[in-house]
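Working notes, structure below.
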Amino acid sequence: MQPFYNLCAQNSKEDKYYINNNRKWKADIPIWVPGFRGQIAYGEFDFSSGEGGEREFERLNGDAGLEFYFVGRISVKHKKIWAQIDAFSGRVGSTFTYTSPNELIEKEIVNIDIHGTIPRCIGGYSVFQATSKSNIKIELIPYLGFRYVNFRLQSDVFGNNDVINIQPNWFEPLIGIYVPVIYKRFKLELLCDYGATGKNYSWVISNQYRYRLSQLVDLHIGWTHMHLYHDGVVNGNNLRSSVRLFGPTAGIGFKF
Numbered sequence: 066m067q068p069f070y071n072l073c074a075q076n077s078k079e080d081k082y083y084i085n086n087n088r089k090w091k092a093d094i095p096i097w098v099p100g101f102r103g104q105i106a107y108g109e110f111d112f113s114s115g116e117g118g119e120r121e122f123e124r125l126n127g128d129a130g131l132e133f134y135f136v137g138r139i140s141v142k143h144k145k146i147w148a149q150i151d152a153f154s155g156r157v158g159s160t161f162t163y164t165s166p167n168e169l170i171e172k173e174i175v176n177i178d179i180h181g182t183i184p185r186c187i188g189g190y191s192v193f194q195a196t197s198k199s200n201i202k203i204e205l206i207p208y209l210g211f212r213y214v215n216f217r218l219q220s221d222v223f224g225n226n227d228v229i230n231i232q233p234n235w236f237e238p239l240i241g242i243y244v245p246v247i248y249k250r251f252k253l254e255l256l257c258d259y260g261a262t263g264k265n266y267s268w269v270i271s272n273q274y275r276y277r278l279s280q281l282v283d284l285h286i287g288w289t290h291m292h293l294y295h296d297g298v299v300n301g302n303n304l305r306s307s308v309r310l311f312g313p314t315a316g317i318g319f320k321f
């Protein structure tokens, strides 16, 4: 009876291995808590990100706060074909140094919010697979796709609302690579891509560390870094912005 119980327990444990899962679809519900840094030049206004020190937050009376982005993601894998649709959506604020066009006014610390939705659709094909003697499996999946960058920059300066209230957006094709590494109930995912259209471009680098709780559910933590660059006319003035969003992610995934 004991050997039979041990065999059943072993089979139950191995059923939770990523490599033994035949379910093709995966849905993730993570959140992303990014920092926000960069440089923004719009018309006569110039902003550069501050250090986020205690003095800056005191001057803003606590108005600048770290918020989060919600990330929805659905992916499917069938043999060597892989596809994914995801979107970042949320709002985050940060302190910036404001340089006034009036030289009589000294530099001031202001708050700028960035909020919007950035969807992405990608698909790729596995060009390399290898499994070691210790059952570590690695794949290389180059992919193509597109991203729609749509965000709003909004600031308050000297008590006047909406000194900057602009919404740049662009559609871009992208190219990237996805690298999953699997060992039993553990999975490491690396993903990076670059997209551009005209003078505007963006790139994203992310990683995730997953642990499978059951055949249907896993937990994951990771890190995502996104860079958005825009150079063009928005609402009659030239906008040149280079902003970075970076920070940890965490969430739960479902296989079906």
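Numbering-wise, the numbering used here puts 141 at position 76 of the sequence shown, and it's gapless, one number per residue. Positions of the beta carbon are idealized from the N, C-alpha and C atoms, including for glycine.
By the C-beta density criterion, Phe193 is exposed, having fewer than 16 other C-beta atoms within 10 angstroms.
Here DSSP, grouped into helix, strand and coil, assigns Ile84 to helix.
According to the DSSP secondary-structure assignment, Leu278 is paired through a beta bridge with no residue. Classified as exposed, Tyr274 has fewer than 16 neighbouring CB atoms from the shown chains inside 10 Å of its CB.
Annotated three-state conformation of Glu109 is coil, per DSSP.
Membership of Gly260 in the beta strand (DSSP E) is indicated by the continuous run Phe251 to Thr262.
Counting the other Cβ atoms within 10 Å of the Cβ of Arg212 gives 16 or more, which makes it buried. Judged by their CB atoms, Ile206 and Trp288 are not nearer to each other than the 8 Å cut-off. Non-local C-beta neighbours of Gly108 in its own chain, meaning closer than 6 Å and more than five positions away in sequence, comprise Asn302, ordered along the chain. Residue pairing by DSSP places Pro184 opposite Ala152 in a beta bridge. Closest in alpha carbon position to Ser154, among His285, Asn215, Asn86 and Trp90, is Asn215.
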